[in-house]
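Structure record follows, encoded as structure tokens.
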């Protein structure tokens, strides 16, 4: 997908969360926890129209998971066709993307780095190389590192130092180098700070 090349700190401040998971963004939000611009400090939480709130939640989800508008809209359409709450379906589809699972496994420091690992052919699903970051994992599928991936210093460094807590719907084995989708995640197991119902309301108009 096309990469966002704009001012990342300003975007994170506007959305109120560090969507790019970088140290610079976290420090900036600690120092200035309000939107950028002349009137940023005076804006109240909850101020603005309902539409703006809906747009903000969509932007949060898009940038957290690294999707373009067309990709995100197509994923929403898929979530509508599934049984159950549309918003929860959407988050589940986002969470079970291969690049996100690589990130959740602690093999990558960020989701953009996880996408890069997948695109470079460093990841296998059920023993077969998959280089499509948007690949949707199913219950029972096993994700492993390729031989090249297992020998990459940066991946081993991430496994050793990130100390990322593995989410409940994934099982990790082989010294952290094998991940199995134990179950598809429910909303309570997805820790992203997104109000998905507002996204549903936005696209339902």
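Numbering (this note's numbering), first residue to last: 12 to 216.
For glycine and all other residues, C-beta sits at the position ideal for the given N, C-alpha and C.
Inter-residue Cα distance where the pair is residue 36 and residue 29: Within the chain shown, the letter at position 25 stands for residue 36. Within the chain shown, the letter at position 18 stands for residue 29. Reliability fails at residue 36, whose pLDDT of 48 lies under 50, so the model's placement of it is uncertain and no value is given.
Can you give me the C-alpha to C-alpha distance between residue 216 and residue 72, rounded to a whole angstrom? Taking the first residue of the chain shown as 1, we reach residue 216 at position 205. Taking the first residue of the chain shown as 1, we reach residue 72 at position 61. Cα to Cα, the separation comes out at about 19 Å.
Nearest CA to the CA of residue 179: which residue from 88, 93 and 112? Position 168 of the chain shown, counted from the start, is the residue given in the question as residue 179. Looking at 88, 93 and 112, the one whose alpha-carbon comes closest to that of residue 179 is 112.
Could you check if residue 172 is buried or exposed, using at least 16 other CB atoms within 10 Å of its CB as the buried criterion? As a first step, residue 172 is located in the chain shown; it is residue number 161 there, counting from the start. It is exposed - the Cβ of residue 172 has fewer than 16 other Cβ atoms within 10 Å.
Rounded C-beta distance between residue 194 and residue 101? I'm assuming under 8 Å. The residue you call residue 194 lines up with position 183 of the chain shown. The residue you call residue 101 lines up with position 90 of the chain shown. Actually they do not touch by this definition, with Cβ atoms about 18 Å apart.
Could you pull the DSSP bridge partners for residue 183 from this structure? Start at 1 with the first residue of the chain shown, and residue 183 comes out as number 172. As a beta-bridge residue in DSSP terms, residue 183 pairs with 190.
Nearest to residue 185 by CA position, among 212, 132 and 155, is which residue? Locating residue 185 in the chain shown gives position 174, counting from the first residue. When each option's Cα is compared against that of residue 185, the closest is 155.
Which residues DSSP lists as bridging residue 108, in chain order: Here residue 108 refers to the residue found at position 97 of the chain shown. DSSP output for residue 108 lists 147 as bridge partner(s).
Measuring alpha carbon to alpha carbon, tell me which residue in 169, 27 and 67 is nearest residue 210. On the chain shown, position 199 is the one that residue 210 refers to. Among 169, 27 and 67, the Cα nearest to that of residue 210 belongs to 67.
Inter-stretch contact (C-beta, 8 Å, three-pair minimum) for the segment 114-125 and the segment 81-94: Too few Cβ pairs lie closer than 8 Å, so no.
Under 7 Å between C-beta atoms of residue 160 and residue 133: Residue 160 sits at position 149 when you count from the first residue of the chain shown. Residue 133 sits at position 122 when you count from the first residue of the chain shown. Between residue 160 and residue 133, the C-beta gap is smaller than 7 Å, which places the two residues in contact.
Would you grab the beta carbon distance between residue 147 and residue 191 for me? Rounded to a whole angstrom, and I think it's under 8 Å. Start at 1 with the first residue of the chain shown, and residue 147 comes out as number 136. Start at 1 with the first residue of the chain shown, and residue 191 comes out as number 180. Rounded, the Cβ-Cβ distance is 16 Å, inconsistent with contact.
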